[in-house]
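In my numbering, the protein residues as written are 11 to 307. No residue lacks a Cβ here, since even glycine has one placed at the ideal position from N, Cα and C. To start, the structure under review is shown below, and the notes come after it.
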Amino acid sequence: MTATWADVARKDFEDAVRSKLLWGIIAVFVAFLVMSLLSAEQLFPDPVTVDAAMALTGVAMLAQLFVPGIALVAGYMSVVGERRSGSLRVLLSYPFSRFDVVVGKLAGRGLVTGTALAVGFAAASVLVVVLYGAPDAATFAGFVAAGVLVGLTFTGVAVGGSAAAATRGRAMTLTIGSFVGMVFFWKPVAVGAYYAVTGSVPGLRAEPWYFLLKRLNPLEAYRVLAGAALDRRVSEVPQFPLEDVPATATPEQLALANRLAGDVPFYLEDWFSAVVLVAWGVVPVVAGYWRFQDADL
């Protein structure tokens, strides 16, 4: 029987189960969801009655940092760990190609992340019903789909970085470093670019290309998809008040359609954010494989 990437994926998933990696991630994610749902009311003003959709919005605000973190931890050592231990040479002594290794690791770690998220969201669905009432099925499904998609996206980032790196430190720099850049530096750079082009910071009205630049950040793409599913705005965490937007601006004023002078272009429609996430999940893997295929092991 010819060995394929599926065999690598199966072994990788089984190793994650045996090493307790999967169980640890599940435990941490379930604990995160429980604490987020129990404290969801603290994220909104006192006069507001928090319903299921609002509670899930609060979870989404925190999940934009937590879910990618889980995926990065699960995947950043996937290739480079075996490379440094020497087990990768043993693996490649079997009829596996380097392509099989990278794709298999992507599938295996994606299954680890996806399983952890599925178990966590299943537990969360029960707690949401108990605390806030039953959410709309389509709303909850969209919320879960957005969470799983961003988790798989950052699994791709992690595996791609791991394949490209020769050491653990470099893998951490590529993966964790890119995540830190998305969280803390992406928006300031986008606002700086807008100022350089227009001579002013973005206000309630801004050019379409500015919003595209923001949405190319996978975290912003996740916020768009989660917000569309929940029919509520998912705020960035941490918040950087760099735009010239009044603190009293209403959700209607902050809606994208009201911040553009004309029609909403296709690349700013909600579905395009899913394309952005898929691209972020695929391109780093391709780049990592390109570096890995000629690497001296």
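The DSSP assignment places complete alpha helix (DSSP H) segments of no fewer than 4 residues inside the region 37–103 at 62–85, 90–95 and 97–103, in order along the chain. For alanine 133, same chain residues with a beta-carbon under 8 Å away, outside a window of 5 residues either side, are Val40, Leu43 and Val44 in chain order. The region 154–168 and the region 286–303 touch, with three or more beta-carbon pairs separated by less than 8 Å. In the same chain as glycine 298, and ignoring 5 residues on each side of it, the C-beta atoms closer than 6 Å to its own belong to Gly170, Ala173 and Ala174, in chain order.
Secondary-structure assignment with DSSP links aspartate 254 through a beta bridge to Gly213. DSSP, reduced to helix, strand and coil, places proline 105 outside both helices and strands of the structure shown, so it counts as coil.
Taken in chain order, the complete alpha helix (DSSP H) segments of 4 or more residues contained in the region 148–214 are 178–194 and 196–208. The DSSP-derived three-state label of serine 283 is helix. Rounded to the nearest whole angstrom, the CA to CA distance from glycine 34 to valine 27 is 10 Å.
When DSSP states are grouped into helix, strand and coil, threonine 125 belongs to the helix group.
If you compare the alpha carbons of Asn227, Val154 and Leu137 with that of valine 167, the shortest gap goes to Asn227.
Selection Lys21, Ser188, Ser245 and Tyr232 evaluated against valine 285 yields Tyr232 as nearest (Cα-Cα). When C-alpha distances from valine 158 are compared across Val138, Phe131, Ala176 and Tyr142, the shortest belongs to Phe131.
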